[in-house]
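Residue numbers (our numbering), protein chains in the order written: chain A, 1 to 199; chain B, 1001 to 1199.
Report on the following structure.
Protein chains: 2
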Amino acid sequence: MADSTRDIDDLIDLMARLPGLGPRSARRAVLMLLKKRGQVMAPLAHRMAHVAATARDCLTCGNIGTSDTCAICADPARATGEICVVEDVADLWAMERGRAFKGRYHVLGGTLSPLDDVGPEVLRIPQLAARVADESVTEVILALNATVDGQTTAHYIADALAATGVRITSLAQGVPIGGELDYLDDGTIGAALRARKAF
Amino acid sequence: MADSTRDIDDLIDLMARLPGLGPRSARRAVLMLLKKRGQVMAPLAHRMAHVAATARDCLTCGNIGTSDTCAICADPARATGEICVVEDVADLWAMERGRAFKGRYHVLGGTLSPLDDVGPEVLRIPQLAARVADESVTEVILALNATVDGQTTAHYIADALAATGVRITSLAQGVPIGGELDYLDDGTIGAALRARKAF
């Protein structure tokens, strides 16, 4: 491609860095944008620049919003005394899509990993302990991923908060809604059996 | 999600309209952008706004560039007298990646489709005939897709240009480089056999 299309090539290269897009799909996406540059490309660029300029991490919970206190932390209706601890903002979004949790969050930003120098301070665990002390918290729900790293981190947090006497819970494990037993791993079936309940 | 995150939700909705991205992958892409808002998101938004503002269709060939005459049409080294006719800018990009063609292009923007009101004027076929008359063109290479619509359009163009006496050719059909016979369709094998050549 020649010199005056360098801008388009650069845009394709930048788009190809997005997760889920490779060089080929980035080209297709940019070509679609070029064909709809008035209706789609300009609004998308404008919105992206606006979000890039205004987005910031909530100083309280670590969620990403557009002010120093995110919309969830700022909502008085959500001061229920329950804090849901998640690994990542993506997990917070997933919890919100579930529409089941009415309290506030604490985003760790990862899991403990001493080999990578990810200790409790990096994961904002001291701040969680401070919130438990300050915000009249009644329950901490550990909604970490059901992985080895996630569960190790959950145990560490439970130990760190044990002295506060706050109630500590974790998400139930079992058969997903719509799940078929034949496709579930053995660990999930075992957990669902151990946690069986009266029908 | 609450009000102040509406901007982020809107951005996800816009991203989900890109080909190759759905709601879930758009969320992942936006979250990655939010986490790298300085290094990736701001440059991407800036570049996209710049391209949206400067991109335009080449008045001669229909390619997308940043001026009324695209870089290929403006390049005197490419005035070889050969015009390659393609359906779409994506096909032009594919030809350019092949680095085999040194002439100029004519982008139709689709194939003939009377039922959809896509006639010769919409596909800029009269402009192609005018270029053949004006630009001392020696050869028109029909590089349309090997589909029924593509080949119908190719035959229409060949008929429309027949009176000019210009040489009209089309891309060779045969076994792709690296192609395995067992995976090729019958039509391709037949075409490759009919066009066989001395070894």
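All residues carry an ideal CB built from backbone N, CA and C; glycine is no exception.
All figures in this text were calculated on a predicted structure; none of them were measured in a lab.
Neighbour flag for residue i against chain B, beta carbons, 8 Å
i                : result
Pro23 (chain A)  : no
Leu108 (chain A) : no
His46 (chain A)  : yes
Leu34 (chain A)  : yes
Asp134 (chain A) : no
Leu68 (chain A)  : The question names Leu, but residue 68 (chain A) in the sequence shown is Asp. For Asp68 (chain A), the answer is no, since every Cβ of chain B falls outside 8 Å of its Cβ.
Alpha carbon of residue i to alpha carbon of residue j, nearest angstrom
i                 : j                 : result
Leu14 (chain A)   : Gln39 (chain A)   : 21 Å
His155 (chain A)  : Met95 (chain A)   : 21 Å
Pro176 (chain A)  : Glu87 (chain A)   : 20 Å
Arg17 (chain A)   : Leu1011 (chain B) : 17 Å
His1050 (chain B) : Ala42 (chain A)   : 9 Å
Thr169 (chain A)  : Ala163 (chain A)  : 15 Å
Leu142 (chain A)  : Gly20 (chain A)   : 29 Å
Gly65 (chain A)   : Ala1079 (chain B) : 54 Å
Ala1052 (chain B) : Ala1045 (chain B) : 10 Å
Asp182 (chain A)  : Pro126 (chain A)  : 42 Å
Pro62 (chain A)   : Gln151 (chain A)  : Looking at the sequence itself, residue 62 (chain A) is Gly, so the reference to Pro does not match. Roughly 20 Å between the two C-alpha positions.
Arg979 (chain B)  : Arg1027 (chain B) : Residue numbering for chain B in the displayed model covers 1001 to 1199; residue 979 (chain B) lies beyond these limits and cannot be assessed.
Asp1185 (chain B) : Gly1179 (chain B) : 11 Å
Cys1054 (chain B) : Thr5 (chain A)    : Residue 1054 (chain B) is actually Thr in this sequence, not Cys. The straight-line gap from Cα to Cα measures roughly 10 Å.
Cβ neighbours of residue i in the same chain (closer than 8 Å, five flanking residues each side left out)
i                 : result
Ala77 (chain A)   : Lys102
Gly1081 (chain B) : Gly1103, Glu1135, Ser1136, Val1137, Thr1138 and Glu1139
Ala30 (chain A)   : In the sequence as displayed, the identity of residue 30 (chain A) is Val instead of Ala. So the list reads Ile8, Leu11, Ile12 and Met15, once near-sequence residues are dropped.
Gly110 (chain A)  : Glu87, Asp88, Val118, Val122 and Leu123
Asp3 (chain A)    : Its pLDDT being 44, under 50, Asp3 (chain A) is placed unreliably in this model, and the value from its coordinates should be taken loosely. None.
Ala1172 (chain B) : Ala1195
Gly1174 (chain B) : Thr1188, Ala1191, Ala1192 and Ala1195
Asp149 (chain A)  : Thr111, Leu112 and Ser113
Asp68 (chain A)   : Arg56, Cys58 and Leu59
Lys1035 (chain B) : none
Any C-beta of chain A under 8 Å from that of residue i
i                 : result
Val1148 (chain B) : no
Asp1010 (chain B) : yes
Ile1064 (chain B) : yes
Leu1031 (chain B) : yes
Leu1128 (chain B) : no
Arg1236 (chain B) : One cannot answer for residue 1236 (chain B) here, as it falls past the ends of chain B, which runs 1001 to 1199.
Gly1020 (chain B) : yes
Val1051 (chain B) : yes
Leu1014 (chain B) : yes
Arg1167 (chain B) : no
Val1040 (chain B) : yes
heavy atom of the ligand ATP below 7 Å from residue i C-beta
i                 : result
Lys1102 (chain B) : The model depicted lacks the ligand ATP and carries no ligand whatsoever.
Interface flag, residue i vs chain E, CB-CB below 8 Å
i                 : result
Leu1123 (chain B) : Absent from the structure is chain E; the protein chains it does hold are A and B.
Own chain partners of residue i with C-beta closer than 7 Å, once the 5 adjacent residues on each side are dropped
i                 : result
Ala1133 (chain B) : Thr1164
Asn145 (chain A)  : Glu87
Cut-off 6 Å between Cβ atoms - residues of its own chain near residue i, not counting five sequence neighbours on either side
i                 : result
Pro1023 (chain B) : Ala1016
Cβ pair count under 8 Å reaching 3, the segment 72-85 of chain A against the segment 44-61 of chain A: yes
Residues of the segment 89-104 of chain A with Cβ closer than 8 Å to any Cβ of chain B, in chain order: Val89, Ala90, Trp93 and Glu96
Near-chain A residues of the segment 1167-1195 of chain B (beta-carbon distance less than 9 Å), N- to C-terminal order: none
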